[in-house]
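Respectively, the protein sequence lines represent chains P and Z.
Take the position in the first sequence, starting the count at 1, then add 647; the result is the number in my numbering.
Take the position in the second sequence, starting the count at 1, then add 647; the result is the number in my numbering.
Glycine residues also receive a C-beta, built at the ideal position from the N, C-alpha and C atoms.
Input: a single structure, listed below in C-alpha cells.
Number of protein chains: 2
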Amino acid sequence: MNASIDTLQKLLFDLAGVMPGDTEPLFAMTNRVSLEAGETFIRLGDVSRKLAFIEKGIIRSYTVKDNGDEATLFIRYEGQFIASHDTIIHRQPSGFIYRALEPVILLQIDYDVLEDVLKDHPEYEPLRNFFLMRMLAESLKMMESFVCKSPEERYRELVAERFDLVNRVPDKYIASMLGITPVSLSRIRKRMFMKGNLSH
Amino acid sequence: MNASIDTLQKLLFDLAGVMPGDTEPLFAMTNRVSLEAGETFIRLGDVSRKLAFIEKGIIRSYTVKDNGDEATLFIRYEGQFIASHDTIIHRQPSGFIYRALEPVILLQIDYDVLEDVLKDHPEYEPLRNFFLMRMLAESLKMMESFVCKSPEERYRELVAERFDLVNRVPDKYIASMLGITPVSLSRIRKRMFMKGNLSH
DNA sequence: ACTGGAAATTATCTTTTGTTAACTAATGCA
DNA sequence: TGCATTAGTTAACAAAAGATAATTTCCAGT
Numbered sequence: 648m649n650a651s652i653d654t655l656q657k658l659l660f661d662l663a664g665v666m667p668g669d670t671e672p673l674f675a676m677t678n679r680v681s682l683e684a685g686e687t688f689i690r691l692g693d694v695s696r697k698l699a700f701i702e703k704g705i706i707r708s709y710t711v712k713d714n715g716d717e718a719t720l721f722i723r724y725e726g727q728f729i730a731s732h733d734t735i736i737h738r739q740p741s742g743f744i745y746r747a748l749e750p751v752i753l754l755q756i757d758y759d760v761l762e763d764v765l766k767d768h769p770e771y772e773p774l775r776n777f778f779l780m781r782m783l784a785e786s787l788k789m790m791e792s793f794v795c796k797s798p799e800e801r802y803r804e805l806v807a808e809r810f811d812l813v814n815r816v817p818d819k820y821i822a823s824m825l826g827i828t829p830v831s832l833s834r835i836r837k838r839m840f841m842k843g844n845l846s847h
Numbered sequence: 648m649n650a651s652i653d654t655l656q657k658l659l660f661d662l663a664g665v666m667p668g669d670t671e672p673l674f675a676m677t678n679r680v681s682l683e684a685g686e687t688f689i690r691l692g693d694v695s696r697k698l699a700f701i702e703k704g705i706i707r708s709y710t711v712k713d714n715g716d717e718a719t720l721f722i723r724y725e726g727q728f729i730a731s732h733d734t735i736i737h738r739q740p741s742g743f744i745y746r747a748l749e750p751v752i753l754l755q756i757d758y759d760v761l762e763d764v765l766k767d768h769p770e771y772e773p774l775r776n777f778f779l780m781r782m783l784a785e786s787l788k789m790m791e792s793f794v795c796k797s798p799e800e801r802y803r804e805l806v807a808e809r810f811d812l813v814n815r816v817p818d819k820y821i822a823s824m825l826g827i828t829p830v831s832l833s834r835i836r837k838r839m840f841m842k843g844n845l846s847h
C-alpha cells in the first residue's frame, strides 16, 4: 500500500532490529505529500524544518546567484532523503529553493517532531545516523570531485555513475550542478563526442 | 590538565546534560596522541577507523591526483574533529592522507570502540550527532562555494572567514583546497592587490 | 649571518571557460 | 498537427586557468 513506509521499515529493521509492527509511533507522525512538476517543496527563506523521503519523482535544490544565474546544489530522486540543511543544521532561513522537476510523492516529517519521537523512542536513533551519514557521504564525494577533477572529468564521472540522472533532467541543471555554464557543458559534450572517447 | 577533555565534557553537558563526572566510560577509551610536524596521522590505504579531536596543531587531508599533483580536501585545526570518511562511512581503505602541518596533539578514539561505548551509554549519543552535523555543515558549505562561486570569490571568502587558516598554512595548500594551482592563486592575489579591493 | 631548499611570483603559451547573441532542435500544449 | 516556448548548439571574443620554466623571496638549520 505505502511503498515508502515498507522501505523505511525494512531499513529500520536492518539497521536497528526494530520490527515493522513497532514503528507505529514514528510513522504516525509522517505525512504523505504530492507535488506537481514545477511545484515548490521549500521556498527561499522558509524556516520550516522539513525532512522527506522521496517515494517517486525528482527534486532539485538551487539558489540564484548575484548575476541571476541559478546554481544547483543537488538533485535527488526516489529512495533518497531531502531536507533543507540551512533550517535543520543551522536553524536559519533556507538559502535554497527545493522544487519538483517531475511529479513527486514524499513521505514527510518535521524534524522537530522527529526529535521528539526519538526522545521517546531511542531505538529509532540509527535511522537518523543513517540519514546523516548518507548526506555526508554524498557531499564529501562531491567535494572530492570538485577538488580533484576538472569540469570535463566531473561530467564523465556523472555520466558513468548516474546515467539515469543525466538522462532524466535537462542538461542546464546538470551544468549548474557541475559549477559550469550550459554553454560550457555543451562544448564538453562535443569534445567528448569528437574524441569518440565516451568511456572513462 | 587535559584541555581537550575539559572542552568535550563541557560540550557533552551542553548538548545532553551529562555531568563531567559521568563521562569516565567515554574518556577511558580515548588516547592522547602527539604528532610531529610532517608526521602522518592516517596513511593512504589505512583501514583504521580513527576519530580524533584536535587539541593543538593543524592536519591536512589530501590525495595525489593522476597527474601527480596533490588535492587538499580539508585542513583542520584545534577545536575540530578529524577522521577518515572512507574508513568510517564506507569501511573502505582511506583514499586520503592525513598529515600534520605543525606539531599536533590529538585526543583519539577508535570509531568501533566508540560505537560500543555508545551502545552501553546512549546518553553520549548527541555527541555523535554533533560531530556528524558539524562535518556535514562544513562540507555542504564547501559544496555551495564550489557550485556558486569562482575561484577568486572562493579565495576572498576564505580570507574573510578563515584568515587565521590562510595566514597559517602555505598558499599552495590553500590553492589545492580551492581546486586551483598555486600559480593561479598567485595571479588571483595579484589581481586582488592591484584592484586594491582587498575586502569583499 | 650564511646558505640550501622550498615557496611564491612572474612570464609565455595553450587550453578552457564565461559572456553574449544568433540559430537550431526539442517539447508541450491547444 | 501546428505553434510557441524552452533547451541545446554554435560562433566570436574576452577573461581566467593550466602547464612549464625561470626567477625571486622566504625560511630553517647550521
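Separation of residue j from residue i, as counted between CA atoms
i, j, result
"Ile-689 (chain Z)", "Tyr-745 (chain Z)", "5 Å"
"Leu-845 (chain Z)", "Pro-798 (chain Z)", "Here Leu-845 (chain Z) scores only 41 on pLDDT, less than 50, and its place in the model should not be relied on; the value that follows carries that caveat. One C-alpha to the other measures close to 15 Å."
"Lys-837 (chain P)", "Val-794 (chain P)", "24 Å"
"Gly-668 (chain Z)", "Pro-769 (chain Z)", "16 Å"
"Lys-703 (chain P)", "Leu-754 (chain P)", "10 Å"
"Lys-796 (chain P)", "Met-824 (chain P)", "14 Å"
"Arg-848 (chain Z)", "Met-839 (chain Z)", "Missing from the structure shown is residue 848 (chain Z); chain Z here goes from 648 to 847 and no further."
"Gly-826 (chain P)", "Ala-718 (chain P)", "7 Å"
"Ile-729 (chain P)", "Arg-775 (chain P)", "13 Å"
"Ala-807 (chain P)", "Glu-785 (chain P)", "16 Å"
"Thr-670 (chain Z)", "Met-676 (chain Z)", "11 Å"
"Ser-831 (chain P)", "Pro-817 (chain P)", "14 Å"
"Ala-650 (chain Z)", "Arg-781 (chain Z)", "20 Å"
"Gln-656 (chain P)", "Glu-762 (chain P)", "18 Å"
"Asn-714 (chain Z)", "Leu-720 (chain Z)", "17 Å"
"Gly-726 (chain P)", "Phe-700 (chain P)", "7 Å"
"Met-790 (chain P)", "Val-764 (chain Z)", "31 Å"
"Lys-616 (chain P)", "Asp-716 (chain P)", "With chain P covering only 648 through 847, there is no way to say anything about residue 616 (chain P)."
"Asp-757 (chain P)", "Tyr-758 (chain Z)", "30 Å"
"Glu-800 (chain P)", "Ala-663 (chain Z)", "44 Å"
"Ser-731 (chain P)", "Phe-778 (chain Z)", "18 Å"
"Phe-810 (chain P)", "Arg-723 (chain P)", "13 Å"
"Asp-661 (chain P)", "Ile-752 (chain Z)", "38 Å"
"Tyr-802 (chain Z)", "Leu-691 (chain Z)", "28 Å"
"His-847 (chain P)", "Leu-805 (chain P)", "Interpretation of His-847 (chain P) is limited by its pLDDT of 35, a score under 50 that renders its predicted location unreliable; the figure taken from the coordinates is listed afterwards. Cα-Cα distance, rounded: 11 Å."
"Ser-695 (chain P)", "Glu-686 (chain P)", "17 Å"
"Arg-834 (chain P)", "Tyr-709 (chain P)", "23 Å"
"Ala-684 (chain Z)", "Asn-814 (chain Z)", "17 Å"
"Ser-792 (chain Z)", "Leu-787 (chain P)", "13 Å"
"Lys-697 (chain P)", "Arg-707 (chain P)", "15 Å"
Bridge partners - residue i, DSSP secondary structure assignment
i, result
"Asn-678 (chain P)", "P:Gln-755"
"Arg-723 (chain Z)", "Z:Ile-706"
"Tyr-745 (chain Z)", "Z:Ile-689 and Z:Ser-708"
"Ile-639 (chain P)", "Summary: the structure shown does not reach residue 639 (chain P), with chain P confined to residues 648 through 847, and so no result is reported for it."
"Glu-717 (chain P)", "P:Val-711"
Proximity test, Cβ basis, 7 Å: residue i and chain Z
i, result
"Lys-697 (chain P)", "no"
"Ala-718 (chain P)", "yes"
"Ser-846 (chain P)", "Its pLDDT being 39, under 50, Ser-846 (chain P) is placed unreliably in this model, and the coordinates cannot settle the point."
CB contact check: residue i to chain P, cutoff 7 Å
i, result
"Gly-826 (chain Z)", "yes"
"Lys-712 (chain Z)", "yes"
Residues of the region 762 to 784 of chain P with Cβ closer than 8 Å to any Cβ of chain Z, in chain order: Pro-769, Glu-772, Arg-775, Asn-776, Leu-779, Met-780, Met-782, Leu-783 and Ala-784
Contacting positions in the region 780 to 809 of chain P - beta carbon closer than 8 Å to chain Z: Met-780, Met-782, Leu-783, Ala-784, Ser-786, Leu-787, Met-789, Met-790, Glu-791, Phe-793, Val-794 and Cys-795
Counting only Cβ-Cβ distances shorter than 9 Å, please list the residues of the region 736 to 757 of chain Z near chain P, keeping chain order. Ile-736, His-737, Gly-742 and Phe-743
Can you check the region 753 to 804 of chain Z for any alpha helix (DSSP H) of at least 4 residues that lies completely inside it and give the ranges in chain order? 758 to 767 and 772 to 795
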